[in-house]
Amino acid sequence: MSCDRPGPDEARELLRSARAWVEEWAEEGVVSFPPAPAVAPDATAPESASPKKDAAPSPAEPASAVSAPETPTGPGGAAALARVRDELGECTRCELCQGRTQIVFGDGNPDADLMFVGEGPGEQEDRQGLPFVGRAGELLTRMIEAGLGIPRAEVYICNIVKCRPPGNRNPLPPEVSACRPFLDGQIDAVRPRTIVALGKPATSLLLGRDVAITRVRGSWHDYRGIPVMPTFHPAFILRQYTEQNRRLVWEDLKAAHERSCGRG
Ligand code: URA
6 MSCDRPGPDE
16 ARELLRSARA
26 WVEEWAEEGV
36 VSFPPAPAVA
46 PDATAPESAS
56 PKKDAAPSPA
66 EPASAVSAPE
76 TPTGPGGAAA
86 LARVRDELGE
96 CTRCELCQGR
106 TQIVFGDGNP
116 DADLMFVGEG
126 PGEQEDRQGL
136 PFVGRAGELL
146 TRMIEAGLGI
156 PRAEVYICNI
166 VKCRPPGNRN
176 PLPPEVSACR
186 PFLDGQIDAV
196 RPRTIVALGK
206 PATSLLLGRD
216 VAITRVRGSW
226 HDYRGIPVMP
236 TFHPAFILRQ
246 YTEQNRRLVW
256 EDLKAAHERS
266 CGRG
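Residue numbering for the sequence shown follows my numbering, starting at 6 and increasing by one per position.
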């Protein structure tokens, strides 16, 4: 998967923030970043042979091996996702269509075990047509890749609304309602084993009530039969870049990843 490149200044800033994130995590001992992470393709062969949603958990297996790229498992998510995208069309169901550059549908593996649901596209996402490619997105990507040790392309990422809210305000209830069938369609298409809800708006939608993210993060919930782990939005972490917040998000992501691998 490729994304358009940010400008040099922004790229430097993104790199700086990502590096700081990784270094500080390592220094704190919250997690030991594997020096040679991830992926031992041959170790994944037995897993890849079976349809992944049915694969038995393998407690002895390292996380990196379980999360490695898999053999495509047939029509599954991709075709179903394409149908949802077709149905969305050049949507004018709510007022967000008026300010958007383009629809930001979703990104990643249509058969992902782990799905991230954010709030709505920001400026960069609106420009590039991909979710989480701005500053918060760079942080999310580093959390997935450096933290969990899996390529971003292995997870599926989308938002509760597919068009940028003006000035990055929170999406309004009618906008969320108009987009909800498409989020549901994406979840049904991908059929992830776990969903990470990023921040209050996504969590409130998936939990069906107005939540305080500080209260519900870190505990398991359920949406359409799929375990949901709420956590802080990466934009919040960028604003409140404390050891405590980073530790909490790390715990949440690790729990979600492990459960998506059939552990935990
Ligand atoms: N914040 C979100 O919630 N989603 C994005 O895609 C980008 C930033």
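Here a beta-carbon is modelled for each residue, glycine too, at the ideal position from N, C-alpha and C. Note that the structure is predicted; figures quoted are calculated from it, not measured.
Residue environment, residue i, which counts as buried when at least 16 other CB atoms sit within 10 Å
i, result
"Ser209", "buried"
"Ala261", "buried"
"Arg275", "Absent from the structure is residue 275, since the part of the chain shown begins at 6 and ends at 269."
"Arg214", "exposed"
"Thr236", "buried"
"Glu128", "exposed"
"Ala95", "Note on residue identity: the sequence assigns Glu, not Ala, to residue 95. By the neighbour-count rule (16 or more Cβ atoms within 10 Å), Glu95 is not buried but exposed."
"Pro115", "buried"
"Pro178", "exposed"
"Gly104", "exposed"
"Thr219", "exposed"
"Asp257", "buried"
"Thr247", "exposed"
"Ala286", "Outside the displayed range of the chain (6 to 269) lies residue 286, so it cannot be described from this structure."
C-alpha gap between residue i and residue j, whole angstroms
i, j, result
"Val160", "Ser265", "10 Å"
"Gly300", "Glu263", "The requested residue 300 is not part of the displayed model; the chain covers only 6 to 269."
"Val201", "Ile231", "10 Å"
"Thr113", "Gly204", "What sits at residue 113 in the sequence shown is Gly, not Thr. Spanning the two alpha carbons is a distance of roughly 20 Å."
"Pro156", "Arg147", "9 Å"
"Lys167", "Leu243", "23 Å"
"Gln133", "Lys259", "29 Å"
"Ala87", "Gln107", "17 Å"
"Pro170", "Ala207", "14 Å"
"Leu145", "His238", "9 Å"
"Ala117", "Pro197", "6 Å"
"Glu124", "Asn175", "8 Å"
"Pro136", "Gly269", "28 Å"
"Asp91", "Val109", "13 Å"
"Thr97", "Cys184", "10 Å"
"Gly267", "Ile149", "18 Å"
"Glu143", "Phe121", "14 Å"
"Gly82", "Asp193", "8 Å"
"Ala158", "Asn250", "25 Å"
"Leu254", "Val195", "Position check: residue 254 holds Val in this sequence, whereas Leu was assumed. Rounded to whole angstroms, Val254 to Val195 spans 24 Å at the Cα level."
"Gly152", "Ala141", "15 Å"
"Ala240", "Thr199", "21 Å"
"Leu119", "Gln245", "25 Å"
"Glu100", "Cys163", "19 Å"
"Trp225", "Cys102", "34 Å"
Contact test: residue i Cβ vs the ligand URA heavy atom, cutoff 7 Å
i, result
"Gly113", "no"
"Glu180", "no"
"Glu256", "no"
"Ala141", "yes"
"Val124", "Residue 124 is actually Glu in this sequence, not Val. Yes, Cβ of Glu124 sits closer than 7 Å to a heavy atom of the ligand URA."
"His238", "yes"
"Phe110", "no"
"Phe137", "yes"
"Asn164", "yes"
"Glu100", "no"
"Glu130", "yes"
"Gly127", "yes"
"Leu153", "no"
"Leu211", "no"
Other residues of its chain near residue i: CB distance less than 7 Å, five sequence neighbours each side excluded
i, result
"Phe187", "Val89, Leu93 and Lys167"
"Ile165", "Val122, Glu124, Gly125, Pro176, Val181, Cys184, Leu188, Pro206, Ala207 and Leu210"
Residues near residue i in its chain [Cβ-Cβ closer than 6 Å; skip 5 each side]
i, result
"Asn173", "Gly127"
"Val216", "Thr208 and Ser209"
"Gly190", "Val89"
"Gly223", "Asp257"
Contact with chain C by residue i, beta-carbon distance below 8 Å
i, result
"Arg90", "This model lacks chain C altogether, as it is built from one protein chain only."
Cβ-based neighbour list, residue i, same chain, cut-off 8 Å, excluding 5 preceding and 5 following
i, result
"Val221", "Thr208, Leu212 and Pro235"
"Asp227", "Val233"
Cβ-heavy atom distance, residue i to the ligand COA, below 7 Å
i, result
"Leu203", "Looking at this structure, you won't find the ligand COA anywhere; what it does contain is the ligand URA."
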